[in-house]
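Structure first, commentary second.
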Amino acid sequence: MTIHKSSVVILLVLTGAISAALSGCKYSRSQSPQDVEAGTDGAALSISKMGGGIDVADAPHGATLSTMGGDIHLGIVGEFAKVKTMGGNVTIDHAEASVDATTMGGNITIKGVNGPVHATTMAGDITAHLVGSSSTQRDVHLTSNSGTITLIVPKDFPMEVRIKLAYTKNADKTFDIIDHMGLTHRQSADWDTSQGTPRKYIFAEGRVGGGQNHVEINTINGDVILKQE
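Note that our numbering has the sequence shown beginning at 928, numbered continuously upward.
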């Protein structure tokens, strides 16, 4: 077989172009290059998928991750984390700044975060563990439409707390708000039918320290656990 010089030149040019293009992309080993919005050094990571899980070990400049269905795992993230899945669990090992996590059906676990937190699931448990200095300003909003919510904060973390737990008349167990911070608890007397399924509410409110941080927790048919560590 005869190979013309012109064909060799074209092949070398194409190979070099492909290599140069791939070298400008950043992606974890679990992702294919087309899943990642290419960025330069110092840029935030962005991954958007039509389906399937996302697993990123390190995103020092922040991450925006979304999938139509699948678990999301983010190891260590720096400037911010914004993650969303239409169905699956969300796990973040450590976040140095803000976290915004949403799933339509699954658990959210934030093992360590040194920033504000906004986490929402339509059906699942939420666990968030705040770490770092108690003086760092960071608000927390946690919402589940069916599940237990656990929030762990540093000792002497100053906060204004508002918790609402709803339990439906057809629930097969009892639920409660568990804290050891002297919050004021109260419970509604009558069944509320305005939301469809009759439900009652347990509320807990109070201030810890100067109350600089706003903590709001809402759930249905799940316990709320608030503790210091």
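All residues carry an ideal CB built from backbone N, CA and C; glycine is no exception. All of these numbers come straight from a predicted model, not from anything done at the bench.
Pairing residue 1046 with residue 1035 gives a Cβ-Cβ distance under 8 Å. If you look at residue 975, you'll find it in the beta strand (DSSP E) that goes 972 to 976. In the structure shown, residue 1024 falls within a coil segment according to DSSP collapsed to helix, strand and coil. Distance check between residue 1115 and each of 1107, 1086, 1094, 1040 places 1094 closest, using alpha-carbon atoms only.
Taking the Cα of residue 1083 as reference, the smallest distance to any Cα among 1138, 1017, 1145, 1000 is reached at 1138. Taking the C-beta atoms as reference points, residue 1143 is found no nearer than 8 Å to residue 1110.
In this structure, the beta-carbon distance from residue 1147 to residue 1097 does not fall below 8 Å.
Rounded to whole angstroms, the gap between the alpha carbons of residue 1013 and residue 1055 is 20 Å. Fully contained in the region 974 to 1016 are the following beta strand (DSSP E) runs of length 3 or more, in chain order: 981 to 986, 990 to 994, 999 to 1004, 1007 to 1012. For residue 1042, the secondary structure class from DSSP, reduced to helix, strand or coil, is coil.
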